[in-house]
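Scroll down for the structure; my scribbles are underneath it.
Protein chains: 6
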Amino acid sequence: MKTNSDTFIGCEAAFTAADIVLFGAPFDSTTSFRPGTRFASRSIRGDSYGLEVYSPYQDKELTDYHICDAGDLELSFGRTDLALSDISETTRMILSHGKLPFMIGGEHLVTLGAFRAVAEKYPDVHVIQFDAHTDLRQEYLGAELSHATVIRRIWDVIGDGRIHSFGIRSGEKAEFEFARAHTHLYPFHLNRVEEVVQKLTGKPVYITLDLDVLDPAVFPGTGTPEAGGVDFMTLLSALLAVSKLQVVGADMTELSPQYDLSGASTATACKLVREWLLALSARQL
Amino acid sequence: MKTNSDTFIGCEAAFTAADIVLFGAPFDSTTSFRPGTRFASRSIRGDSYGLEVYSPYQDKELTDYHICDAGDLELSFGRTDLALSDISETTRMILSHGKLPFMIGGEHLVTLGAFRAVAEKYPDVHVIQFDAHTDLRQEYLGAELSHATVIRRIWDVIGDGRIHSFGIRSGEKAEFEFARAHTHLYPFHLNRVEEVVQKLTGKPVYITLDLDVLDPAVFPGTGTPEAGGVDFMTLLSALLAVSKLQVVGADMTELSPQYDLSGASTATACKLVREWLLALSARQL
Amino acid sequence: MKTNSDTFIGCEAAFTAADIVLFGAPFDSTTSFRPGTRFASRSIRGDSYGLEVYSPYQDKELTDYHICDAGDLELSFGRTDLALSDISETTRMILSHGKLPFMIGGEHLVTLGAFRAVAEKYPDVHVIQFDAHTDLRQEYLGAELSHATVIRRIWDVIGDGRIHSFGIRSGEKAEFEFARAHTHLYPFHLNRVEEVVQKLTGKPVYITLDLDVLDPAVFPGTGTPEAGGVDFMTLLSALLAVSKLQVVGADMTELSPQYDLSGASTATACKLVREWLLALSARQL
Amino acid sequence: MKTNSDTFIGCEAAFTAADIVLFGAPFDSTTSFRPGTRFASRSIRGDSYGLEVYSPYQDKELTDYHICDAGDLELSFGRTDLALSDISETTRMILSHGKLPFMIGGEHLVTLGAFRAVAEKYPDVHVIQFDAHTDLRQEYLGAELSHATVIRRIWDVIGDGRIHSFGIRSGEKAEFEFARAHTHLYPFHLNRVEEVVQKLTGKPVYITLDLDVLDPAVFPGTGTPEAGGVDFMTLLSALLAVSKLQVVGADMTELSPQYDLSGASTATACKLVREWLLALSARQL
Amino acid sequence: MKTNSDTFIGCEAAFTAADIVLFGAPFDSTTSFRPGTRFASRSIRGDSYGLEVYSPYQDKELTDYHICDAGDLELSFGRTDLALSDISETTRMILSHGKLPFMIGGEHLVTLGAFRAVAEKYPDVHVIQFDAHTDLRQEYLGAELSHATVIRRIWDVIGDGRIHSFGIRSGEKAEFEFARAHTHLYPFHLNRVEEVVQKLTGKPVYITLDLDVLDPAVFPGTGTPEAGGVDFMTLLSALLAVSKLQVVGADMTELSPQYDLSGASTATACKLVREWLLALSARQL
Amino acid sequence: MKTNSDTFIGCEAAFTAADIVLFGAPFDSTTSFRPGTRFASRSIRGDSYGLEVYSPYQDKELTDYHICDAGDLELSFGRTDLALSDISETTRMILSHGKLPFMIGGEHLVTLGAFRAVAEKYPDVHVIQFDAHTDLRQEYLGAELSHATVIRRIWDVIGDGRIHSFGIRSGEKAEFEFARAHTHLYPFHLNRVEEVVQKLTGKPVYITLDLDVLDPAVFPGTGTPEAGGVDFMTLLSALLAVSKLQVVGADMTELSPQYDLSGASTATACKLVREWLLALSARQL
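Just so you know, the sequences run in chain order A, B, C, D, E and F. Every position in the first sequence, counted from 1, becomes a number in the numbering used here once 42 is added. Every position in the second sequence, counted from 1, becomes a number in the numbering used here once 42 is added. Every position in the third sequence, counted from 1, becomes a number in the numbering used here once 42 is added. Every position in the fourth sequence, counted from 1, becomes a number in the numbering used here once 42 is added. Every position in the fifth sequence, counted from 1, becomes a number in the numbering used here once 42 is added. Every position in the sixth sequence, counted from 1, becomes a number in the numbering used here once 42 is added.
So this is what it looks like as structure tokens:
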């Protein structure tokens, strides 16, 4: 009889043995347009069994590395502050054991919880953001903690010149102005990822992937689909490139599986998780 | 050219001329299982044009009464406290003009916002609840303001013996025990509605309708479908019965239109809105 | 190798050998709210293979009778008048061979095409209507030929006292007034079917079944779901009862299969087709 | 951090401590019309968290009993014989430890695997079947092992007079004749369940619930929806009644969650699992 | 309280103050394959609030221009001639006030209504068509007014050499022959748009965008998806290019939102509306 | 009245007159992840009427050739061996009349049935595979006959160096090792198709197209979507190229229409069928 444990395929290491600890942060309470990212981590685990553990792109197998899928946090849907502090606490605990936290959202705001813990340990951390949206508002619908403000809140922590944003193609005019003044903005494309990788070599880096950086053709399963995005192979190459850096935290957010009944968005997210985990694992050995 | 104003069919009175003011409270931020009630009010307005303004059940027409559809509140998805106070403020304003507030949720928690304003004006108000769930938890996932606690929060305001709950068929053991000790609980059925109407005659009453009191066969478009509910004609009769009381506030919550792609749940909600508005209007003339 | 002919299960008699001729009228060009009934006949044929040819209700088998499924008409979507005259012509041809026409819509307006041919042959025909809506408007959105006017157009042909309507629960006030003045209206229920069967014994009868007479719980797959309808067994009993009359034409309209992704509405329509064909066949032997 | 074990709510007893062992048999390889029951057990586990552990119907809580959710079998989709023998082996193992096997299908054929093991231990076992279909074919599409033959295969094991079938409303003529000759057939309704319970008191009984016995209004999420079924409360009462017998094995089959996007069918199946487990647990104490 | 007016985001100018007047023509009565474009304008308005008013592509904001969203026409579904003359009348009225008509379909036939009014005022107008289909049939299913004949009917008005068609990849052989003889046909690609812009400089141009010119990967939400189309950025560039011409009328047709449950097609249409309105507005200042 | 025969558009030649015989093999009994390819052939036939018979890519019309759509096989869902031998028998019969078999699956395993018959007649046949997956397992879940083993079973028949695989991007490590040792593997792309066409000129070739070689953006309607595939025009070019060879059998598998509710995947499959049939027909004349 199969065990009824439910992990991402090939991520069955015990916590103590793991180099990377994957966990889910199923929270979408501030999503204003179309909710549903709360279902992402469960959906990714289940559909990961449509994948193989082997990557023909990297010629590596997940089962050759030590990755623990620690399950999902149980987060409050009524209190954003509590949800974020629970995420911070878990991330802090993972970091304190010398392991790499790899979080699956949830809406993009969950990044703030993980990032705060990472920034405590690595105060000189840089952030690489793959995203369709700037997420740089000062507040949104009266809330300072929102999916639409998450990168602004990260900027509150680390300040100018430490955020590197790729693929951005949506935001308010003021957000774009803020981005140009205070961050490194590479809109529309991922063309200059390699150049940034050169600059950041040797520095601690947190990578946050909002999956809506992908074109909606490739990834319709997200709350706010934004035409004009990148394709799968472009994103995969970029992820492999940045994973050669000294990555100290990583997350993938904004899959809303129920908006893509074909399952293709979830399958694409699964494949990105596998490839990214392999790239990060290879780096760490 | 048709105007692009968007109201519930037949509810085009100006605010100042209206006896009843309908408004939407599109908020589902604390919904823990499956969100989506935020889409209810917009969906109900649009699909109301599949209805007639005439009710063959009551032989009355909406256009013979004065009802204003005042549109939707724009509520914060990150801050539950703000959302509730915005709802209270609107309700208070409607009441201050001597009009009846009729709110369309949204998750059941929005009832708390409206009820608080009603209870300020009518401190001796009773509550009639049609619902599948007790909603009597003290807290849920760390939050005291939650769809699962809303009736408990109302009890905090008005205390023992003033809440009359029909159709309840789900909850924790402790909630049922609390219900039996502190409220009037009529589980599973609506059989005793008429009896309660007798008792409450002459008293101010707030009516809150969580649409999941209906059987999922009739109403699958809700976040937490709960088998064993009542059918449409039973609920309609009960609504007509309680509308003969001195109703000082009313709401209908928990339609999640996207879970019923057939549109039947939204159509059923529309028909209940029409019938209920007619019954409340007739009472007021 | 199975033939790629596509008929309703058990209806494979040649036209010349048949007592009943089933045909599809996939037209929904005047449907104002939600179109899709054009897909009904194809969907019913395909899903009929989820049924058996045997009815345990009547203890009869379709294959013991002679029924020809003659396929679908190809109707103009731009010209309502052409579509109706094509339907009339086909019906006339079937009648001229002494066979019973059994049409599957399409929107309810297709009934007019079939009925006109029937009324030519049987000028004293009565109509039994099972429906949620009166369909008695004089015109609708500027058109006199519309799903919302079909029964009024039939009244134009046969006049007062010859239309018997069951299950009606929606319409404009003026339509209900017209119905009470000029037709036999039995709203909300099918309780008095047997009584009407008594009265119409020996007279030619055309039966038109708008499937939205069923409750949306049972039959969500229709363009304008209207709560408060009848259940399957009630409708089945009524159909069996009226089929004992001298039926000279019959139709079933308003299945929109795509609004019920579960397939249950189509399956229910298939079962009604089987039962009705058996009842009509038995009568003829 | 929540464990990432994935069990039905409240069924977290260790195997050794359990009185009842729930397991999934995700197999639908012989389903000829519309597949998908393979997804049922996973779907039921996930959505069970929309329920409470407490039943207001029985005033009992799942957590007061000892139930182990042992997860899903991994069954071959290419070889029906292997799949069935794997199910038999697991059932035999559970029985050998003195525990009650409670299987969640899968298509109805999985019942044969479990039943064969039960009949080895209890050769005088009776079978109570709740179902829309007779499932009594000798073979189907060339296969003797099929969802459409499962009760015939059980009859092969136990012979005449030991099968008691309720709610049946579909099948070939020959199947109905076989049923009347060799089994106890109570078609269309569950009215005579209590009478059969009287007769079977003191005898070992295997109960197989094909969820399509429910009306499609209540339970559209199944491969072959069949109009005219029973409602939820009727089935619940029947299940509680038969659970007072000496039940030696039980299963629930034919949920296809993807055909009911509203989730209501899965929610209904979850509620039946909870109620049935409580009734069977109470009996055993 | 938000007003319940329902406009495209940022298009709230009064009619008198507007330079561009957007209106919806929700009509799909001649659609023969899969209807649903009637739902497009309402869907675009609602989902436009998932966009920003700011375009990072053009560095402009909608709120800096004067655009009136005048709502939807109420068109007859039974009489194509009436529907078209209603569209013509509205377009004529907009033109008579010196404003630019910008119509959102509906099926492609609605273009004929708007174009007729435009051609009255600008008899020397050219037409630029972005489309997957030629739409050049003389008649279709007996109707001369059909989505499949619309460009032929436009040719009836303006004759040879005035229609410039891009992206075409589907049609009958005779339609392609007609296109090569009487129009400028640039099949499969948009490569030669710039060349045509050169040629038409200074001439009045009507632009009609059938969204199925996009690849179904990018835009599955349409009645007749046709593989091998262009991507979003290619279409956006082409729209910006042609908007530099003297545009005297514009429309966008053939979104059927319900065929793309992910919402990505509607979101893409919204983004094209925003970008196109900005390009047309900038030109007019 | 239209006949109710149901063929792919323009494929109405009688068997005896045909050069190509199209047939469906609706079987998906070994599909382990998400079933549904059984619905493909019926869906392709129905939606083919959204296409024209004319190809602007090849400037040819289906109706100028002789193609028979012979309908669907009725295959056993319980016995894989029977299903495959039925497919072999049909293919053998088609070949014995000197016609080209063109099969529409079903899951990829159906290829084995057709291929076995082809290899009997053409023992030196080569295989060209377009696919996302290697399908080279020795066994899968205990079954040697499985969608995951089909190319391995073909290798069993024809041995080393005769299988040419394009677009592969998923499989176990051992499968890729096997592929490199025993077959010609051209992973990820179709770049080297022309080169292989050169090599195989004059040799009999069987072409098997697993539609999941397409990117999920283009073709989400498949059981196991695998990101990183090719686009439509690339596949079309490759199909036209290989069709110039001496093709002795061809199939297209793995459309699961129900996973792409937009219908775009089915439409794309239809277009590929049309183009492929035209290319194969032109070759034969």
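Where a beta carbon is used, it is the ideal one built from N, C-alpha and C, also for glycine. Model, not experiment: these values are computed from the prediction.
Whole-angstrom distance between T176/E and L251/C, CA atom to CA atom: 40 Å
Three-state class that DSSP yields for Q171/D in the structure shown: strand
Contact check, Y91/F vs V160/F, beta carbons under 8 Å: no
Own chain residues within Cβ distance below 6 Å of C110/E, not counting five before or after: A55, F57, A60, V63
Cross-strand partners of P229/A (DSSP beta bridge): Paired residue(s): none; P229/A is not in a bridge.
Cutoff 8 Å: S298/C Cβ touching any chain D Cβ: no
Proximal residues to T72/B (C-beta, below 7 Å), its chain only, five neighbours per side dropped: T122, E149, L151, A185, L187, S188, H189
Distance, S83/E Cα to C53/E Cα: 14 Å
Assigned exposure category for A67/D - 16 Cβ within 10 Å defines buried: buried
P143/C and G291/C closer than 8 Å at C-beta: yes
Coil, strand or helix - L327/A by DSSP: Any reading at L327/A must be qualified, since the residue scores a pLDDT of 48, below 50, and its modelled position is unreliable; the value itself is stated next. Three-state result, L327/A: coil.
Meets three-Cβ-pair contact criterion under 8 Å: the segment 129–139 of chain D and the segment 218–230 of chain D: no
Limits of the alpha helix (DSSP H) - the one that G155/A falls within: 152–163
Whole-angstrom C-beta distance between P267/F and A259/A, which should lie under 8 Å: Their Cβ separation, rounded to whole angstroms, is 13 Å, which puts A259/A and P267/F out of contact at 8 Å.
Own chain residues within Cβ distance below 6 Å of D302/E, not counting five before or after: P262, G263
Proximity to Y182/C [Cα-Cα], best of D173/C, E214/C, V169/C: E214/C
Beta carbon of E317/A nearer than 8 Å to that of S97/A: yes
Alpha-carbon to alpha-carbon, L124/C and G155/C: 10 Å
Limits of the unbroken alpha helix (DSSP H) element including V238/F: 235–242
Under 8 Å between C-beta atoms of L297/C and L277/C: no
Three-state secondary structure assigned by DSSP to S279/D: helix
Start and end residues, beta strand (DSSP E) containing I205/D: 205–208
Neighbour list for G69/A in chain B, Cβ cutoff strictly below 9 Å: Checking the sequence, you will find Phe at residue 69/A rather than Gly. Result: empty, since nearest Cβ-Cβ is about 10 Å, beyond 9 Å.
Distance between beta carbons of K102/C and L320/C, contact taken as under 8 Å: 5 Å
Three-state secondary structure assigned by DSSP to V247/B: strand
Beta-carbon neighbours of T73/D, restricted to chain F and to distances below 7 Å: F119
Limits of the unbroken beta strand (DSSP E) element including V63/B: 62–67
Residues that DSSP places opposite A185/F in a beta bridge: Y182/F
DSSP three-state assignment for Y96/D, whether helix, strand or coil: strand
Chain A residues whose Cβ lies nearer than 9 Å to that of R158/D: Within chain A, no residue comes near R158/D; the closest Cβ sits about 18 Å away, beyond 9 Å.
Limits of the unbroken alpha helix (DSSP H) element including D198/D: 192–200
Residues near K245/D by beta carbon distance below 6 Å, same chain, minus five either side: H168
CB contact check: I317/B to chain A, cutoff 8 Å: Looking at the sequence itself, residue 317/B is Glu, so the reference to Ile does not match. Not one chain A Cβ lies under 8 Å of E317/B.
Beta carbon proximity, L303/C to chain B, threshold 8 Å: yes
Spatially closest choice to L282/E from G270/E, A324/E, V272/E, by CA coordinates: A324/E
Contact set between T310/F and chain E, taken where Cβ atoms lie within less than 8 Å: P258, P267, A269
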